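This report concerns only the one structure given below.
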Amino acid sequence: MINNDNFQDEIGNSHIATSAQNPVRKDAFDLSDEEKINAIKADVESILKTLGMDLTDDSLKGTPNRVAKMFVKEIFGGLNPNKKPSSSTFQNHYKYGEMLVEKNITLYSTCEHHLLPIVGRAHVAYISNGTVVGLSKMNRIVDYFAKRPQVQERLTMQIVQELQKVLGTEDVACVIDAKHLCVNSRGIRDIESSTVTSEFGGKFKDELTRREFLDYIRLDTNF
Numbered sequence: 073m074i075n076n077d078n079f080q081d082e083i084g085n086s087h088i089a090t091s092a093q094n095p096v097r098k099d100a101f102d103l104s105d106e107e108k109i110n111a112i113k114a115d116v117e118s119i120l121k122t123l124g125m126d127l128t129d130d131s132l133k134g135t136p137n138r139v140a141k142m143f144v145k146e147i148f149g150g151l152n153p154n155k156k157p158s159s160s161t162f163q164n165h166y167k168y169g170e171m172l173v174e175k176n177i178t179l180y181s182t183c184e185h186h187l188l189p190i191v192g193r194a195h196v197a198y199i200s201n202g203t204v205v206g207l208s209k210m211n212r213i214v215d216y217f218a219k220r221p222q223v224q225e226r227l228t229m230q231i232v233q234e235l236q237k238v239l240g241t242e243d244v245a246c247v248i249d250a251k252h253l254c255v256n257s258r259g260i261r262d263i264e265s266s267t268v269t270s271e272f273g274g275k276f277k278d279e280l281t282r283r284e285f286l287d288y289i290r291l292d293t294n295f
């Protein structure tokens, strides 16, 4: 690990990931949710006071507690492995052997470099090798891995890897098209740009299969 502020700023401003897994400490779950909320509440109070905000104002009194609960229970809830969605699978008795695509899955995540929102759509597909998964489970898997401080490339990979594990097949693909508010609202402030990432496994590495998937989701992108 390089302890250099300029280097670390360059990593963050360039949105570069340093790990294929979320960098979580081994003691990440030693504290209960309530203990984490109380600690974060105090930290948020300190930040707001440092900024000069008057926490006696009725509008701000509850903000530290609201932010703390939001961090632990909502937007970073996907860090907790106990919240991982169970993914029941079923035998493909009807012998459907073509591609299944779940597109336009709404995605809300948080950039780990500036803790600002990532908002977009995920498009996920798989080809069954005898096992299928409920459609809503695909949405829940996307949501689970999105609810972390994230990097979009890592998120895309994690969704594919989890579905490959659940379905017992390499034939899984994911494309994410998202806006990063750390780009749109600060820094370069380019409100029109979005970021597209992809991960193709198994048969989706074949150009024709990949093109069929991209045609379904109507993304005119050269991968």
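Under the working numbering, residues 73 to 295 are what the sequence shown spells out, in order.
Ideal Cβ placement from N, Cα and C applies to all residues, glycine included.
A quick note: this is a predicted structure, and the numbers were derived from the prediction, not measured.
- When C-beta atoms of the region 276-292 are compared with those of the region 209-220, fewer than three pairs fall below 8 angstroms, so the two segments do not count as touching.
- The DSSP assignment places 244-252, 267-272 as complete runs of the beta strand (DSSP E) inside the region 235-278, in order along the chain (cut-off: 3 residues).
- When DSSP states are grouped into helix, strand and coil, residue 110 belongs to the helix group.
- Here residue 120 carries a helix assignment [DSSP, helix/strand/coil].
- Per DSSP, the unbroken alpha helix (DSSP H) holding residue 216 starts and ends at 207-218.
- The beta carbon of residue 288 lies closer than 7 angstroms to those of 173, 175 in the same chain, with the five residues before and after it left out.
- The C-alpha of residue 155 is placed about 16 angstroms away from the C-alpha of residue 102.
- The beta carbon of residue 144 sits closer than 6 angstroms to the beta carbons of 105, 108, 109 from its chain, once the five residues preceding and following it are set aside; these are given in chain order.
- With a beta-carbon spacing of about 7 angstroms, residue 192 and residue 266 fall inside the 8 angstroms limit used to define contacts.
- The Cβ atoms of residue 171 and residue 285 lie closer than 8 angstroms to each other.
- Residue 198 has 172, 244 as its beta-bridge partners, per DSSP.
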